[in-house]
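Residue numbers (my numbering): 41 to 112.
The beta-carbon is built from N, C-alpha and C at its ideal position, and this holds for glycine as well.
One structure below.
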């Protein structure tokens with residue numbers, strides 16, 4: 041994955057003081073590459089429900105609305 045290449049010796053804040061293998065494992069878990077088609081739907085619905093209650097996502101939506109007039 042591109043993340044494995046980018047994480048190595050990177051000065052990006054999201055990679056600082058973190059083990060690149062941990063970042064890669066977390067990303068793979070998020071994308072759930074091992075799931076079957078039938079298993080993907082509940083996984084995606086879980087991610088959507090999680091994002092609906094996320095402070096960060098709400099703030100990002102507010103930012104998009106204020107700066108680009110994009111409504112969630």
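Asked                                                                                    : Found
N-terminal and C-terminal residue of the alpha helix (DSSP H) that residue 91 is part of : 77 to 92
CA-to-CA distance, residue 105 to residue 99, given in whole angstroms                   : 10 Å
C-alpha distance - residue 83 paired with residue 93, whole-angstrom precision           : 16 Å
6 Å CB neighbourhood of residue 110 in its chain, flanking five on each side removed     : 104
Reduced DSSP category for residue 65 - H, G, I as helix; E, B as strand; rest coil       : helix
Helix, strand or coil at residue 53 [DSSP, three-state]                                  : coil
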